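Numbering (the UniProt record's numbering), first residue to last: 1 to 250.
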C-alpha cells in the first residue's frame with residue numbers, strides 16, 4: 001500500500017468531524033424535545049451518520065490525492081495544445097459527464113419527480129442540468145482562451161434569468177435556483193475547476209487566479225437558465241393541452 005495515499009488524512013478527518021458535529025447536535029436536540037424516535041430508527045440514523053462520515057472523509061482524501069492533481073495535469077496538457085479551440089467541445093463533454101455523475105443532482109432530480117408526482121421526470125431534469133452545465137464549462141474555456149472578463153457573462157446571464165423568472169411559475173423558479181446550488185457539487189468543483197486552473201496556468205497572458213477561477217459562478221448560473229427554460233416549455237405544453245381539451249369540450 002502506498003503510504004502517500006493517506007498523507008494529511010488526519011486533517012481531513014478533523015474537518016469532516018467539525019462539519020458533522022453541528023448537524024448531529026441539532027438532531028439530538030430535536031430528538032429529545034420533538035421527534036422522540038424509537039430505538040430502531042435511532043440505530044439506523046447512527047449507522048447513516050457513520051457511513052456519511054467515512055464517505056466524506058475518503059472522498060475528500062481522494063480529491064486531495066487524485067482529482068485535484070490529475071485535473072490540473074489534464075488542464076496543463078490541454079492548454080499546451082496548438083489548436084486551443086478544441087478546449088471548447090472538450091469542456092462541454094467534461095461538464096456534461098461531471099454533472100451526469102453528480103450525486104447531489106441525482107438526489108434533487110429524485111425529489112423533484114416525487115414532489116411533482118412524476119410531472120417532471122428525473123431523466124428530463126438530469127439532461128437539462130447536464131446540458132446547462134456543459135454549456136457553461138464550454139463558455140468558461142472560451143473565456144480563458146480569448147481572455148473575456150467574467151462579468152461579460154455574469155451580468156447578461158442573470159438579466160436573462162430574471163427575465164425568465166417573470167414568465168415562469170413559482171414552482172420552476174424555486175427548482176431552478178436550487179439547481180444552481182446543486183450543480184456546483186464535488187464532481188464539478190474538484191475536477192473541472194482543477195482543469196480550468198491548469199489550462200489558465202499554461203496559456204500566455206492568463207492568470208490562474210483571474211482567468212482560471214470564476215467558472216463556478218457560470219456553473220451556478222447555467223442550471224437556473226436551463227431549468228427556467230424547461231419550465232416555460234412545460235407550461236407551454238400544458239396550456240396547449242388545456243386549449244385542446246376546451247376545444248374538444250366545446
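Ideal placement from N, C-alpha and C gives every residue a C-beta, glycine not left out. Remember, predicted model here, so these are calculated numbers, not experimental data.
Practice item. For residue 184, name the three-state secondary structure that DSSP assigns. Key: Residue numbering aside, residue 184 sits at position 184 when the chain shown is read from its first letter. Note: residue 184 maps to coil in three-state DSSP.
Check your understanding: Are the Cβ atoms of residue 227 and residue 169 separated by less than 8 angstroms?
Key -> Within the chain shown, numbered from 1, the residue matching residue 227 stands at position 227. Within the chain shown, numbered from 1, the residue matching residue 169 stands at position 169. Going by C-beta atoms, residue 227 is not nearer than 8 angstroms to residue 169.
Point to revise | Cα-Cα separation, residue 255 to residue 176 | key: Outside the displayed range of the chain (1 to 250) lies residue 255, so it cannot be described from this structure.
Check your understanding: On the three-state DSSP scale, how would you describe residue 196?
Key -> Mapped onto the chain shown, residue 196 falls at position 196. In the structure shown, the three-state DSSP call for residue 196 is helix.
**Study point:** Contact the region 116–133 vs the region 76–89: 3+ CB pairs below 8 angstroms
**Key:** Of all C-beta pairs linking the region 116–133 to the region 76–89, fewer than three are shorter than 8 angstroms, placing the two stretches out of contact.
Practice item. Put residue 213 into one of helix, strand or coil per three-state DSSP. Key: Here residue 213 corresponds to residue number 213 of the chain shown, with the count starting at 1. Residue 213 falls in the coil class under three-state DSSP.
**Study point:** Touch test, the region 139–159 against the region 88–108, Cβ-Cβ under 8 angstroms, three pairs minimum
**Key:** Short answer: they touch.
Check your understanding: Between residue 218 and the rest of its own chain, which residues show a CB-CB distance below 7 angstroms, the 5 nearest in sequence each way excluded?
Key -> Here residue 218 corresponds to residue number 218 of the chain shown, with the count starting at 1. So the qualifying residues of the chain are 136, 139, 140 and 153.
Check your understanding: How would you call residue 109, buried or exposed, if buried means at least 16 neighbouring beta carbons within 10 angstroms?
Key -> Position 109 of the chain shown, counted from the start, is the residue given in the question as residue 109. With 16 or more other Cβ atoms within 10 Å, it is buried.
Exercise for review: Taking only runs that begin and end inside the region 58–104, name each unbroken alpha helix (DSSP H) of 4 or more residues, in chain order.
Suggested key: Correct list: 68–79 and 87–100.
Point to revise | Test item: CB-CB of residue 185 and residue 57 under 8 angstroms | key: Translated into positions along the chain shown, residue 185 becomes position 185. Translated into positions along the chain shown, residue 57 becomes position 57. Not closer than 8 angstroms, so no.
Check your understanding: Taking the C-alpha atoms as reference points, what is the distance between residue 191 and residue 80?
Key -> Translated into the one-based positions of the chain shown, residue 191 becomes position 191. Translated into the one-based positions of the chain shown, residue 80 becomes position 80. Computed Cα separation, rounded: 18 angstroms.
Check your understanding: The alpha helix (DSSP H) with residue 135 in it runs from where to where?
Key -> Position 135 of the chain shown, counting from 1, holds the residue named residue 135. Per DSSP, residue 135 belongs to the alpha helix (DSSP H) from 122–146.
Check your understanding: For residue 188, does the count of other Cβ atoms within 10 angstroms reach 16, so buried, or fall short, so exposed?
Key -> Residue mapping note: residue 188 aligns to position 188 of the chain shown, counting from 1. Result: buried.
**Study point:** Three-way DSSP call (helix, strand, coil) for residue 231 in this model
**Key:** Position 231 of the chain shown, counting from 1, holds the residue named residue 231. Residue 231 sits in a helix when the DSSP states are folded into three classes.
Point to revise | Buried or exposed by the 16-neighbour rule on C-beta atoms within 10 Å, applied to residue 204 | key: What you label residue 204 is simply residue 204 of the chain shown in a count that begins at 1. With fewer than 16 other Cβ atoms within 10 Å, it is exposed.
Check your understanding: With a CB to CB cut of under 7 angstroms and the five nearest residues on each side skipped, what residues in its chain are close to residue 53?
Key -> Stepping through the chain shown from its first residue, residue 53 is reached at position 53. Taken in chain order, the residues that qualify are 16 and 20.
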